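Engineer: One structure coming up, written as C-alpha cells, with questions to follow.
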Amino acid sequence: MERNIHETVKLAQGGDKAALSEVVSHIQDTIFRLSIRMLADFAAAEDATQEILVLVITKLSQFREDSRFSTWVYRIAVNYLLTAKKIRAREFGLTFDEFGEDLENSLQDHKATDPTDPIMYNELRVACTMAMLLCLDINHRIAYVLGRVFELDQSEAIKILDLPAATYRKRLSRASAKVEAFTAQKCGVVAPKTAACSCPRRLPSALEMGRVGPEAKLIRNGTSGPSYDDVIQEVARVEDGLQGLCAQRLVPDFKNPRNFTEKLEQILTIQAGNPAAPDDIPTPP
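Residue numbers (the numbering used here): 9 to 293.
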C-alpha cells in the first residue's frame, strides 16, 4: 500500500488532480485521529486536519522517496500540532490531580433506566479517555499517542519527532507511568472495584455540563467499536500495569467528519491564496 501511495504522490506532484484527491483521501482520517487524540475536541481536530492538509499539499513537491510517505505526513502533522499558535493557546496546563478532583466532585448515584444509557456510558468513556491525555504536557502526550496508542515503532517515532532515542524512550516511559497510575486509582473502567469514579455515576453531571450529548457524536463517528460492557470485560482480562493502555486503545478509530476530497478545490484555493504555511509553521524537508 505504501508503494502504491508513492506512485500516486508522484502523479499528484505532476499536477494530476485525481491523484491529489486520492492522496488526501488516503491521509485525512489518520491526520484527524492524531489531531483528536492530541486535542480531545472534535471541532478543533477538524480545523487542525484542514490546516495540516493545506501544509501537506503546499509541501508535496518537496517529498522525496527517502522516507515513507506516512512518516513524512506524520512529521508535518506533529510539527503543526506541537508549534502552531492556535494549538499552543489551547494548552491549559491541566493536571491529573485537577482532573481527578473534577471527576470525584461530580459523581451521582445513577441507575440505568433509559435504553440509551449504555450508549451514553460508552460516549462518556471515550470522551474521558481522550481528555485524560490532556493532563500530559504536549511533548509527553505526543510521545504517548505515537508510541502507545498508534503503536509506531521507536525508529519511526524518533524520525517523526526528530528526537534522540533515549529522550523519546524517557518521555514515553514517564507518560505511560502517569496514565497507568491515574487510571488505576481513578478510572472505574480500569479499576471497577476500587476507583470512586464510574461512567454511570459520572453521566448525570456530564450531561448537565454538556461534556457529552445525546447525539453520541464520538461513538457514532468511530468505526463500530466495542460496547461499554465489552470494554469493561476486555480491560479486566489485561494484566495490571497495562489496563490503562488497553482502555486508550479501545477508543474507536475515528473518521474525519468532513470529507476533504470533496472540498479539494476549496483547499487548493486556500493554498493558492496563502502560500505560506498556516501560522508560519516550519515543515520537514
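Idealized CB from N, CA, C, for every residue including glycine. Note that the coordinates shown come from a computational prediction; the quantities given were computed from them, not determined experimentally.
Whose C-beta lies closer than 7 Å to the C-beta of Thr137 among residues of the same chain, with five residues either side of it excluded?
Structural biologist: Ala255, Gln256 and Val259.
Engineer: Could you please give me the residues that DSSP links to Phe158 through a beta bridge?
Structural biologist: The partner list for Phe158 (beta bridge, DSSP) is empty, contrary to what the question assumes.
Engineer: Run through the stretch 145-208 for me and flag every whole beta strand (DSSP E) of 3 or more residues, listed as ranges in chain order.
Structural biologist: Counting only runs of 3 or more, we get nothing.
Engineer: Could you give the DSSP three-state label for Phe262: helix, strand or coil?
Structural biologist: Residue state, collapsed to three classes: strand.
Engineer: Output needed for Gly233: all residues of its chain with C-beta closer than 6 Å, excluding positions within five of it in sequence on either side, in chain order.
Structural biologist: Hits under 6 Å: Pro260.
Engineer: Using a Cβ-Cβ cutoff of less than 7 Å, which residues in the same chain neighbour Pro293 once the five nearest sequence positions on both sides are dropped?
Structural biologist: Caution applies to Pro293, whose pLDDT of 39 falls short of 50 and renders its modelled position unreliable; the value that the coordinates give is listed next. Around Pro293: Gln70.
Engineer: Should the stretch 142-162 be called in touch with the stretch 41-60, which here means at least 3 C-beta pairs below 8 Å?
Structural biologist: Enough Cβ pairs lie closer than 8 Å, so yes.
Engineer: For Glu188, decide whether its Cβ has a neighbour in chain C, counting only Cβ atoms nearer than 8 Å.
Structural biologist: Note that chain C does not occur in the displayed structure, where there is just one protein chain.
Engineer: Using CA atoms only, rank isn't needed, just tell me which of Leu47, Leu253, Gly23 and Cys195 is closest to Ser206.
Structural biologist: Here the closest residue by C-alpha is Cys195.
Engineer: Quick one: what's got a C-beta closer than 8 Å to Glu112's C-beta in the same chain, skipping five residues either side?
Structural biologist: Here the set comprises Lys194, Ala204 and Cys205.
Engineer: Would you call the CB atoms of Leu61 and Phe262 closer than 8 Å?
Structural biologist: Against a cut-off of 8 Å, the Cβ pair of Phe262 and Leu61 comes out as no contact.
Engineer: For Asp125, which of helix, strand or coil comes out of DSSP?
Structural biologist: Asp125: helix per DSSP, three-state reduction.
Engineer: Using the rule of at least 16 other Cβ atoms within 10 Å of the residue's Cβ for burial, across every protein chain shown, is Thr16 buried or exposed?
Structural biologist: With 16 or more other Cβ atoms within 10 Å, it is buried.
Engineer: According to DSSP, is Asn267 part of a helix, a strand, or is it coil?
Structural biologist: Three-state DSSP puts Asn267 in coil, outside helix and strand.
Engineer: Ser220 by DSSP, collapsed to three states: which one?
Structural biologist: The question names Ser, but residue 220 is Val in the sequence shown. Val220: coil per DSSP, three-state reduction.
Engineer: State buried or exposed for Arg96, treating a residue as buried only when at least 16 other CB atoms are found within 10 Å of its CB.
Structural biologist: Result: exposed.
Engineer: Could you compute how far the alpha carbon of Ala26 sits from the alpha carbon of Leu272?
Structural biologist: Going from the Cα of Ala26 to the Cα of Leu272 covers about 10 Å.
Engineer: In chain order, what residues of the same chain lie with their CB nearer than 6 Å to the CB of Val187, ignoring the 5 residues before and after it?
Structural biologist: Taken in chain order, the residues that qualify are Gly252.
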